[in-house]
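**Q**
Numbering (the numbering used here), first residue to last: 7 to 134.
#1: DSSP state of residue 29, grouped into three classes?
#2: Would you decide whether residue 13 is buried or exposed? Buried here means 16 or more other CB atoms lie within 10 Å of its CB.
#3: If you pair each beta-carbon of the stretch 70-80 with each one of the stretch 20-36, do three or more pairs fall below 8 Å?
#4: Should residue 90 be labelled buried (16 or more other beta-carbon atoms within 10 Å of its own) or exposed?
#5: Less than 8 Å between the C-beta atoms of residue 30 and residue 102, yes or no?
#6: Report the rounded CA-to-CA distance for residue 96 versus residue 128, giving the unit in angstroms.
#7: With H, G and I counted as helix, E and B as strand and the rest as coil, what does DSSP make of residue 105?
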């Protein structure tokens, strides 16, 4: 159950990132300031990271039993604990420059909660 829930939470990444990039953080005007090659590289990195996160979420949901009971699955769970913990740490590091209005505060803490929840669920799966 922990793994299935953690895998499903991966799917919150794309809508939240898309909303934040366009609305709250206004990434578009910042990307427009970059040279075209650099703007495309940033877009490629964002797309690749999004695809990887979604793909891992699908894999975890689809193969939760193997994730919990095989050495490879448990190793992947450890990697995901480290990844989502690092993402939560990055969110904390961003606090100093994150928008402080009510909308910004909501998204800051919502994302931090999601990242920490995912990390804790993977940790719970590893420790069980």
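We treat Cβ as the ideally placed atom computed from N, Cα and C, and that holds for glycine. Note that the structure is a prediction, hence the values are computed from the model and not measured.
**A** So, from the data block:
#1: Reading the chain shown from its first residue, position 23 is the one you call residue 29. Looking at residue 29 - three-state DSSP - the assignment turns out to be helix.
#2: For the purposes of this step, residue 13 is identified with residue 7 of the chain shown, where counting begins at 1. So residue 13 counts as buried.
#3: no
#4: Start at 1 with the first residue of the chain shown, and residue 90 comes out as number 84. Buried, since its Cβ has 16 or more Cβ neighbours within 10 Å.
#5: Your numbering for residue 30 matches position 24 in the chain shown. Your numbering for residue 102 matches position 96 in the chain shown. No, these two residues do not count as a Cβ contact at 8 Å.
#6: Indexing the chain shown from 1 puts residue 96 at position 90. Indexing the chain shown from 1 puts residue 128 at position 122. If you take the alpha carbons of residue 96 and residue 128, they lie about 18 Å apart.
#7: Stepping through the chain shown from its first residue, residue 105 is reached at position 99. Coil, per DSSP.
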